[in-house]
Every structure is written in C-alpha cells, then in structure tokens.
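The structure under discussion appears below in the form of structure tokens.
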Amino acid sequence: MENRIAEIRKEKKIGQAYLVENLGVSRQAISAIENGKATPSLDLAMDIAYLLETPLDEVFIHENRFKDVHK
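Residue numbers are given in numbering that gives the first Met the number 0: position 13 of the sequence shown equals residue 12, and the series is strictly consecutive.
Structure follows, in structure tokens:
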C-alpha cells in the first residue's frame, strides 16, 4: 500500500522520532512503512494519520479494486 507519510512529515516538519516516540514502534518499522516494505495494521495506520493530523485516506493510498461493482 502506498503512503504519503514521509511527504506529510516533511511538510509539517515532523521527524520520524516523533512518530517512534508516540507510537511505541521502532524507527526501522516507521522507515519500512514509509518505504512500502511493510504495511501497518489498521490501528497503527489510524494512529499515524492522527499524529500527522491528516485524514487516513490522504496518508494511505489504496487502489480501489471494486470501482466497477456498483455500476
């Protein structure tokens, strides 16, 4: 799943250390999520969005596999 964590962090001048400290995860975990090498749990994704003060769907980009279902 793609995300804009690093981009949003830089815009808001928030370091990885802030997320690490407040989320209780390692810097390696945050880095892996930012780089698309790991996918966070829903709870962690929601917490990241909350700390970035950005809606979840603006932090994480999910391709809608069901776009043609309701047509």
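Ideal Cβ positions, reconstructed from N, Cα and C, are used throughout, including at glycine.
Cβ pair residue i, residue j closer than 8 Å
i, j, result
"residue 115", "residue 51", "Nothing can be reported for residue 115: it is not among the residues displayed for the chain, which extend from 0 to 70."
"residue 62", "residue 3", "no"
"residue 25", "residue 15", "no"
Cβ-based neighbour list, residue i, same chain, cut-off 8 Å, excluding 5 preceding and 5 following
i, result
"residue 35", "0, 1, 2"
"residue 60", "0, 1, 2, 3"
"residue 38", "0, 32"
Own chain residues within Cβ distance below 7 Å of residue i, not counting five before or after
i, result
"residue 48", "54, 55, 58"
"residue 11", "51"
"residue 9", "none"
"residue 18", "29, 47, 50"
Cutoff 6 Å; reference residue i; Cβ partners in own chain excluding five residues on either side
i, result
"residue 28", "none"
"residue 7", "51, 53"
Inset, instruction - Please specify which runs of the beta strand (DSSP E), each continuous and at least 3 residues long, are wholly inside the region 19–50, giving them in chain order. - result: Complete beta strand (DSSP E) runs here, min 3: none at all.
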